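Using the working numbering, the final residue of the sequence shown is 543, and nothing's skipped along the way. Every residue, glycine too, gets a C-beta built ideally from N, C-alpha and C. Everything numeric in this text was worked out from a predicted model, so none of it was measured. Heads up: the structure comes next, in structure tokens.
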Amino acid sequence: MQMLPFTKPTLGEAEQQAVQSVLASGWITTGPKVIEFEQALARYIGGEVTVRVFSSATIALEAILIASGIGPGDEVIVPAMSFVATANVVVRVGAKPVFVDVELVSRNIDTRLLAAAITTQTKAIMPVHFAGRAVDLNAVYELANKHHLLVIEDAAQAIGTQYNGKKIGASGNPVCFSFHPNKNMTSIEGGAVATTDQKLITRLEQLRFHGIDKNPDGTIEVKQWGGKMNLPDVNAAIGIEQLNKLDGFNHTRHELALQYIKRLEDQKHIVIAADVAGHSWHMFAVCIDFDALGTTRADFQQQLLAKEIGTGIHYQDMPGFQLYQQYGNKPGDFPVAEQIGHQTLTLPLFPLMTADDVDHVCNEIIGLIKGLSK
């Protein structure tokens, strides 16, 4: 059997032709394809949002924080378990990330713990829609409105996810997406911000290209700092083709995830993800009690690799990293995130997989657990 990675982008002839067309046009940096991509994303998301694309989701999150005036002396609430970019951008602008533990099955921020994390320095809450499952946004926004806090949704893993019948991104508040190669759709590298706040859009446009304002006579003015965060047309052309296929990709992911759930839900020593309405299934990550099985995650991964099955680790608890210990975080402060960090294992999930592939993965995992449980 051919090697099965834990993820793989789905790129075909349409994407190749789109890139060739851009290269032949002579305009390969930010231009007409970026505008087309932004408009297509806005239509897809709905809610009358405006979309601006960036060179990555990480830089897009950073730009939102800067544009919102968040910096030294401020605090931003983030989940204790996510990719490190979520907290890194907070540190980058000089603010303090305040961690809140997550739920074990959803791995989303535990909204029951949010209120206790709010202080007089809190300026924003940044929930992460982990693996394409929407956070309980009603609870987040209710608390944010009560305390006059900005909500910045980190939807890097949630393009196409729905919450209460609407696409994530349609809320009007700034929502950030990623188009990295391991996401549900890709532009190779890239990210986007969706919002209805036109003042924020104007500031984001300045930030992503050197702070430049263009005058009617062709001259420019620079009133505030800006960086180099723009997305080239080559990437946008790929993104347009991928967006056209996104709902099909997500449907396939959902079907494969349901098969995983059916095969693994009765297995001892495994905590699996749950299917909920609107889930876009970016990843299928489980928790395995390796200690109870008398093994380690590394050994378990190696045995799966010997069977041509690749796996990932998504994610370790962020407060445990050396960078974030400077804020007084200690072992035991975030027990659920720590459990996930110790036990998590990401199984293969991508649209090019087949039902037989899922059965192969499940058979090997069940066999390993059965052998270790003797």
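{"Asked": "Backbone secondary structure at Q290 - three-state DSSP", "Found": "coil"}
{"Asked": "Beta-ladder partner(s) of A363, from DSSP", "Found": "V220 and V344"}
{"Asked": "Cβ-based burial, G238 [other Cβ within 10 Å; buried from 16]", "Found": "exposed"}
{"Asked": "Test item: CB-CB of D502 and M250 under 8 Å", "Found": "no"}
{"Asked": "Sub-8 Å separation of A442 and A454 beta-carbons", "Found": "yes"}
{"Asked": "Reference E477; option with closest CA among W450, D458 and P517", "Found": "P517"}
{"Asked": "L521 vs T179 beta-carbon contact at 8 Å", "Found": "yes"}
{"Asked": "Unbroken alpha helix (DSSP H) run spanning D528, endpoints", "Found": "A524 to L541"}
{"Asked": "Bridge partner(s) assigned by DSSP for L492", "Found": "Per DSSP, none; premise fails for L492."}
{"Asked": "Presumed contact (8 Å Cβ cut-off) between S275 and R302, rounded CB distance", "Found": "5 Å"}
{"Asked": "Check whether V362 and L376 have beta carbons under 8 Å apart", "Found": "no"}
{"Asked": "Exposed unless 16 or more other CB atoms sit within 10 angstroms - verdict on H316", "Found": "exposed"}
{"Asked": "Cβ neighbours of N399 in the same chain (closer than 6 Å, five flanking residues each side left out)", "Found": "T199, R377 and F378"}
{"Asked": "Q185 burial status per 10 Å Cβ neighbour count (16 or more: buried)", "Found": "exposed"}
{"Asked": "Sufficient close CB pairs (3 or more, under 8 Å) joining the region 225-242 to the region 251-261", "Found": "yes"}
{"Asked": "Which of helix, strand or coil DSSP assigns to M487", "Found": "helix"}
{"Asked": "8 Å Cβ shell around G417 - same chain, five flanking residues per side excluded", "Found": "P520"}
{"Asked": "Identified DSSP bridge partners for V267", "Found": "I246"}
{"Asked": "Cross-strand partners of Y332 (DSSP beta bridge)", "Found": "K335"}
{"Asked": "Presumed contact (8 Å Cβ cut-off) between G338 and A324, rounded CB distance", "Found": "6 Å"}
{"Asked": "Start-end ranges of the beta strand (DSSP E) lying completely within the region 375-417, minimum 3 residues", "Found": "381-383 and 389-391"}
{"Asked": "Per DSSP, the bridge partner or partners of F453", "Found": "L516"}
{"Asked": "Beta-carbon gap between I457 and Q494 smaller than 8 Å", "Found": "no"}
{"Asked": "G215 versus Q208: straight-line alpha-carbon distance, rounded", "Found": "11 Å"}
{"Asked": "Range of the contiguous alpha helix (DSSP H) that encloses R466", "Found": "R466 to L474"}
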